[in-house]
Amino acid sequence: MNSYKYLPDDDNALELINGLASEKVLAIDTETTGLDPLNDRLRLIQIASFNTPVLVIDYWKCEPGVKEALRTLLSNDAVKVFQNAKFDINFLKSEKIVLGGPIFDTMIAGRLLWSPSGPPGFSLAALSEFFLGETLPKEEQTSDFSGDLRKEQLEYAARDASVLLELRSIMAPALKANGLVDIAKIEFNCTRAVADIEYRGIAIDRNNWEKLTEVTRAAHETAEKDLLSYAGNTVVQPDFFGNTTTVGINLNSNQQVLELLAKNGVNVPDTSKYSLSQYKEKPVVKSLHEYRKASKMLSGFLDPLPTFINSKTGRIHAHYSQIGAYSGRMSCTGPNMQQIPRDNEFRKCFIPAPGKMFILADYSQIELRVAAQISHDERMIEAYRHGGDLHRLTASLITGTPLNQITKQQRQAAKAVNFGLIFAMGARGLQSYAGDTYGVEMTLDEAEAFRDRYFLAYKGIKKWHDSIKAKPPRVSRSLTGRRYFHREDTGLAALYNTPVQGTAADIVKNALGKLMDTLSDIDAGIVAVVHDEILIEAAEKDAEEAAVILKNTMESAGEQFMVDVPLVADAHLASSWAEK
DNA sequence: TCAGTTCGCGCG
DNA sequence: AAAGCGCGCGAACTGA
């Protein structure tokens, strides 16, 4: 067991803390009374460094002078090592301790370094076992840091901090040896932004949300009645609360819905949208669609979302997993802000605080641009370089129509073609994708013809696909160097897609990290990020400037990697998340 | 009864 | 041979 000092009881806290001022690397862990930095409290701050015992600082016992010394120390330029840094950063933030210097996050480093040989997970214990060969003793999950602390708790707390320091000593050279320094810098720098997004949260217009809930509940009941008229032998029973129970059939059971459909002449293998697409004109299928739509809105969004409103701030503080997807994209939970319906009725319920404005910004066709860069498709690169409209170009190339005569319908179809075929969608898939997503009906023959002509037009894309097809890679990388190990059974589509999606994510993360600096002089902060879209909340007086900064920061965030293809971002002021 | 899996669908 | 990819979540279903 490493030596440690429990402060301020055991020694002179002020002197020991100030003594760390010249250390270039500090490993920091915290213990708290819970998981929510807005409602729970910071209790211990453990600081490990190379030359002194671990300081285990009981924040509740610290005099103002000691707290001030901590604030000064943690704001300095030393590298700060954490496991899941955003957690600690936000608890420190709740005590007005603002972290300075570069971050090294062992959990993120672990994910970047992952290979099929391990680590099997990314907890501190798993990382320690894999990278250091040290087994950490099991800690009690229920460890309570709100009362008197046991010696054992202090020892564990101290050990976790010292393990961080050891991990970095191994992981930092490993990142370098594996060509992961560029992406590690992007990720570590982005962590501050992710922490900030979670801490700020986003405001919601509760009245409007409730109104929308009521309207949708009414639509749900109507759809339920419609659908039940096809079922027969069912009874709807209202209860005391005005809710209804249907006896005889459960419309949420796909097994039962399958029977209902069969009774009405719709014979399908399953009840998915795909299987039902050929029957979509039948009234029973239309009713089912209406019913499911309303059910999804209610159970997926309208009912659960209010439960996430934080009691302290009245805002929604979602959790972002910085490397949530294997591609490198972020994922989001509690609630998942990345799947809020696009419908303006939903989006207009997300609003800036009084006196503030939103700036909504998104990249234009970032994945297509990345695919152009990765494949070096000359025609695509030229089009993007000259600010051309790629969808219009594709429409022209696959229909043989002159560019200036392309109809809106043709351009819509080309959108489906561009987004679908770049990732190996088949003719059948393209057909239904075009119908569902862009409202464009095409025959299977047309879809096949578009597919053929697409690959004739974009020879670079064809070559890129062909080379992957000829020798499916077991390892590939995004343009920043993020590494992917592909399983033997990984399909072609995933092989094409992963580095493209990942590169786009890398660029967005680079932008997020830079924004923490470029926005620092004005009253503005990031409140949500949805893959290729960044939402900022800014004081009204600073909103115009924030929009300019946001656009410029996003567009320049890819320069280092997108050497042949420019990035374009649109940013505009808004009084809600609903686009104008 | 309950944890784990599957289906279906919201988003980019 | 043929194939869009990546997520999270609620409800139903499955199996012990």
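Take the first sequence: its letters are residues 10 to 589, numbered as in this note's numbering. Note that beta-carbon positions come from the ideal geometry of N, C-alpha and C, so glycine has one too. All values derive from a computational prediction rather than experimental measurement.
Residue nearest to residue i in terms of C-alpha spacing, selected from the options
{"i": "R378", "options": "R460, G522, A167 and V509", "result": "V509"}
{"i": "E143", "options": "F154, A422, L189 and V172", "result": "V172"}
{"i": "G511", "options": "I332, M525, P363 and D461", "result": "I332"}
{"i": "A118", "options": "E457, I195 and D18", "result": "I195"}
{"i": "N506", "options": "L158, S284, I383 and D114", "result": "I383"}
{"i": "P344", "options": "A537, K70, V577 and N561", "result": "A537"}
{"i": "R437", "options": "R420, A456, Q421 and F428", "result": "A456"}
{"i": "R356", "options": "G364, G397, M346 and Q421", "result": "M346"}
{"i": "P315", "options": "N263, K220, P411 and P292", "result": "K220"}
{"i": "A22", "options": "L439, M451, E553 and E72", "result": "E72"}
{"i": "V190", "options": "D515, H328 and G323", "result": "D515"}
{"i": "L16", "options": "V65, T200, T342 and P363", "result": "V65"}
{"i": "I258", "options": "K282, E233 and V277", "result": "E233"}
{"i": "G490", "options": "S336, K321 and D86", "result": "S336"}
{"i": "N319", "options": "D20, L44 and E32", "result": "L44"}
{"i": "Y165", "options": "M451, G274 and Q55", "result": "Q55"}
{"i": "D86", "options": "L122, N93, L524 and K33", "result": "K33"}
{"i": "V294", "options": "R492, S308, P313 and L260", "result": "L260"}
{"i": "L528", "options": "A552, H540, K518 and V517", "result": "A552"}
For residue i, three-class secondary structure by DSSP
{"i": "H395", "result": "coil"}
{"i": "Y505", "result": "helix"}
{"i": "L488", "result": "coil"}
{"i": "I2", "result": "This structure cannot speak to residue 2, because the chain is shown only from 10 to 589."}
{"i": "F131", "result": "coil"}
{"i": "M451", "result": "coil"}
{"i": "F355", "result": "helix"}
{"i": "F154", "result": "coil"}
{"i": "Q510", "result": "helix"}
{"i": "H474", "result": "helix"}
{"i": "D371", "result": "strand"}
{"i": "D114", "result": "strand"}
{"i": "C71", "result": "coil"}
{"i": "D339", "result": "The displayed chain sequence assigns Met, not Asp, to residue 339. Correct three-state label for M339: coil."}
{"i": "M389", "result": "helix"}
{"i": "H581", "result": "strand"}
{"i": "A547", "result": "strand"}
{"i": "V107", "result": "coil"}
{"i": "I192", "result": "helix"}
CB of residue i within 7 Å of CB of residue j, strictly
{"i": "F100", "j": "L51", "result": "yes"}
{"i": "I415", "j": "A433", "result": "no"}
{"i": "Y609", "j": "V63", "result": "One cannot answer for residue 609 here, as it falls past the ends of the chain, which runs 10 to 589."}
{"i": "I112", "j": "K95", "result": "no"}
{"i": "D573", "j": "I325", "result": "no"}
{"i": "I545", "j": "I368", "result": "yes"}
{"i": "A135", "j": "P146", "result": "no"}
{"i": "L311", "j": "T408", "result": "no"}
{"i": "L29", "j": "L82", "result": "yes"}
{"i": "P549", "j": "D371", "result": "Per the sequence presented here, residue 549 reads as Glu, with Pro not at that position. No; because the gap between Cβ atoms is not below 7 Å, this pair is not in contact."}
{"i": "H395", "j": "A423", "result": "no"}
{"i": "A170", "j": "A78", "result": "no"}
{"i": "G210", "j": "T115", "result": "no"}
{"i": "R483", "j": "H474", "result": "no"}
{"i": "S296", "j": "D235", "result": "yes"}
{"i": "R431", "j": "A392", "result": "It should be noted that the sequence gives Ile, not Arg, for residue 431. It is not a contact, given that the beta carbons lie outside the stated cut-off."}
{"i": "C199", "j": "K523", "result": "no"}
The ligand FAD heavy atom lying under 6 Å from the CB of residue i
{"i": "A548", "result": "Because no ligand of any kind appears in the structure shown, any question about the ligand FAD cannot be addressed here."}
*So, do the segment 150 to 163 and the segment 199 to 214 have three or more beta carbon pairs nearer to each other than 8 Å?*
no
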